[in-house]
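Below you'll find the structure, written out as C-alpha cells, and then a few comments.
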Amino acid sequence: MSAHPVLLVIGYVWPEPASSAAGSRLLQLIRAFQHDGYRVVYGTPAEASPHASDLASLDIEAVTLALNCASFDGFIRDLNPDVVMFDRFMMEEQFGWRVEEQCPRALRVLDTEDLHSLRHARAAQLKRQPFSIPLIPDIEFRHSELAIREVAAILRCDLSLMISTVEIDYLTRFFQVPPTQLQYVPFMEEMTDAHSTVPFAQRAHFISIGNFRHDPNWDAVRYLKETLWPLIRQQLPQTELHVYGAYPPKKATQLHNERSGFLVKGWAPDAQQVVSQARVMLAPLRFGAGLKGKLIDAARNGTPAVTTSIGAEAM
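In the working numbering, the protein residues as written are 1158 to 1472.
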C-alpha cells in the first residue's frame, strides 16, 4: 500500500504549457494535488511531443496507455489510485468504464478544460449567422450529439472541474446538471508585480497569440487578416501585428506579409516575454468557451487586451 494517496491523470495529450493554456492549467491542478501529498501518475495514449514538459523533473510518473486494450485493466488495478482525473470528456468516454470496473472506490474527476459542446455550438451558429457572436446558442445547436456525450461524461463522474462560472450556469440551466457535481476552479496563477512589467514607452506593435490547432484561435487570425488589420493599418501605417502560436499550418504561415505588417511568427518559446514586449494584444474570438489563457498572460504582463464578449466572459 502506498504511503501517499495516488492520483492518476488520464490525459488527452502530453502537457505542453508553452503551447496552450490547457497544458498550463493541467500542470497547475497536478501541483495542487502534489501540495496535498499525492503521488501523481500521468498516462496518455498520445504520441510524444517535442514541446511536452519533462514530467520526471516535476516528480510525475509518465505512462503510455493503449486504447481499447485490456492491459489498462491490470495497470489500474495494480496502481489502485485514490483519485482518477480525466483530461477532457473524451478520455472519460474511453477509460471511465474501465476505471469504474477495476477501481470502483476511486473518486472520478473530470477536468472539462472548457465546455467543448458550447464551443462547437457557438461555432455552428456563427457559421449560419456570421455577423453575430452567440453567447447562448439556439436550442438546435445546444442539444447536439456532442453535448449529449459531454453531459453524459459529466454525470458519470463524481465531480467536474469547471473553469468558468458561465459554463456552470449553462449546464445547470439547460441540462439540469446538479450544481453539487460542478466545482469552479479557474487558473491558479501567481500574478506578476505590476512594477516589474516593461514600461509602455519601451514596447512596440500589436500581438496575437494562440495555438493554431484550436479552431477559435485560427478563426481569430483569419478575421484579423481579412477584416480588422487592414482597418488598423489605415490609422497606424507603421505598426505591425506579430502573430504567435504553436503548430502553425502552412495556410497560416502563408498569411505572413511584411508589406502589410502582418507577421506570422509561429511558436513562442517564452509567451510571457513576447506578450510583455507588445503594446496591445488583439484577441477577436468570435466563438469559443472557457477562460482564455492569452488574456491572463496579458494581465500578468500589464499588456492592454482588446477582445470580444466571448473572450471576456469568464474573466
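Glycine included, C-beta positions come from ideal geometry on N, C-alpha and C.
Source: prediction; values computed, not measured.
Residues near residue i in its chain [Cβ-Cβ closer than 6 Å; skip 5 each side]
i     : result
D1427 : none
P1461 : V1437
A1304 : S1274
W1375 : F1369
F1252 : I1167
P1476 : Residue 1476 lies beyond the stretch modelled for the chain, which goes from 1158 to 1472, so this question has no answer here.
V1241 : L1165, V1256, A1263, R1265
G1423 : P1405
R1285 : none
L1328 : V1334
S1321 : G1447, L1448, A1471
Top-ranked residue by Cα proximity to residue i, from the options
i     : options                    : result
L1385 : I1296, V1266, S1433, S1417 : S1417
F1332 : E1270, H1362, I1366, I1296 : I1296
L1439 : D1193, S1321, L1452        : L1452
T1269 : A1377, F1344, I1233, E1218 : F1344
G1445 : G1367, V1170, P1335, H1192 : G1367
V1463 : V1163, I1389, F1419        : I1389
A1400 : Q1391, K1382, Q1392, L1393 : Note that residue 1400 is Val in the sequence shown here, rather than Ala. Ranking Q1391, K1382, Q1392, L1393 by Cα distance to V1400 puts K1382 first.
E1250 : L1215, I1233, Y1195, N1225 : N1225
V1308 : S1289, S1206, R1330        : R1330
E1258 : A1280, R1276, R1234, L1267 : R1234
T1396 : E1346, A1361, L1312        : A1361
A1140 : P1174, Y1380, L1412, P1373 : Summary: the structure shown does not reach residue 1140, with the chain confined to residues 1158 through 1472, and so no result is reported for it.
S1206 : A1403, V1198, A1456        : A1403
D1488 : I1311, P1294, F1288        : In this structure the chain extends from 1158 to 1472, so residue 1488 is not present and cannot be described.
Y1199 : A1213, H1208, S1228, A1227 : A1213
L1222 : M1248, D1239, L1393, P1238 : M1248
Residue range of the alpha helix (DSSP H) that includes residue i
i     : result
M1248 : 1246-1259
D1427 : D1427 -> no alpha helix (DSSP H), and no H or E assigned at all.
D1179 : One point to set straight first is that residue 1179 is Ala, not Asp, in the sequence displayed. Its alpha helix (DSSP H) spans residues 1178-1192.
L1312 : 1302-1313
L1236 : 1228-1236
D1454 : 1450-1457
Contact belief for residue i with residue j at Cβ below 8 Å, rounded distance in angstroms
i     : j     : result
L1236 : L1339 : So it is not a contact: roughly 27 Å between Cβ atoms.
L1442 : A1377 : 5 Å
V1323 : E1470 : 5 Å
E1283 : G1447 : Here the sequence assigns Leu to residue 1283, which means Glu is not the residue at that position. The pair is not a contact, with the Cβ atoms about 16 Å apart (cut-off 8 Å).
A1178 : G1468 : About 12 Å; that fails the 8 Å criterion.
Residues of its chain near residue i, where Cβ-Cβ distance is below 8 Å and the 5 sequence neighbours each way are ignored
i     : result
V1355 : S1433, Q1434, N1458, G1459
I1325 : M1319, P1336, L1339, Y1341
D1203 : Correcting the residue type first, residue 1203 is Ala in the shown sequence and not Asp. So the qualifying residues of the chain are G1168, Y1169, V1170, W1171.
L1398 : H1362, F1363, I1364, S1365, L1381, W1386, I1389, G1418, F1419, L1420, L1439
R1196 : S1159, H1161, P1162, V1163, L1164, E1218
D1315 : L1264, R1265, V1266, Q1338
D1216 : Q1191, V1197
Residue i, enclosing beta strand (DSSP E) - first and last residue
i     : result
G1468 : Not the beta strand (DSSP E): G1468 falls in the alpha helix (DSSP H), residues 1466-1469.
Beta-carbon contacts of residue i that lie in its chain and below 7 Å, excluding the five residues immediately before and after
i     : result
F1478 : Coverage of the chain is limited to positions 1158 through 1472, which leaves residue 1478 absent and any answer about it impossible.
D1454 : A1428, Q1429, V1432
Secondary structure, beta strand (DSSP E): runs of 3+ residues fully inside the segment 1327-1370:
Considered as a whole, the segment 1327-1370 harbours 1339-1341, 1363-1366 as its complete beta strand (DSSP E) runs of no fewer than 3 residues, in chain order.
Curious, which full-length beta strand (DSSP E) runs of at least 3 residues does the segment 1366-1412 contain?
If we require 3 residues or more, the beta strand (DSSP E) runs fully inside the segment 1366-1412 come out as 1398-1401.
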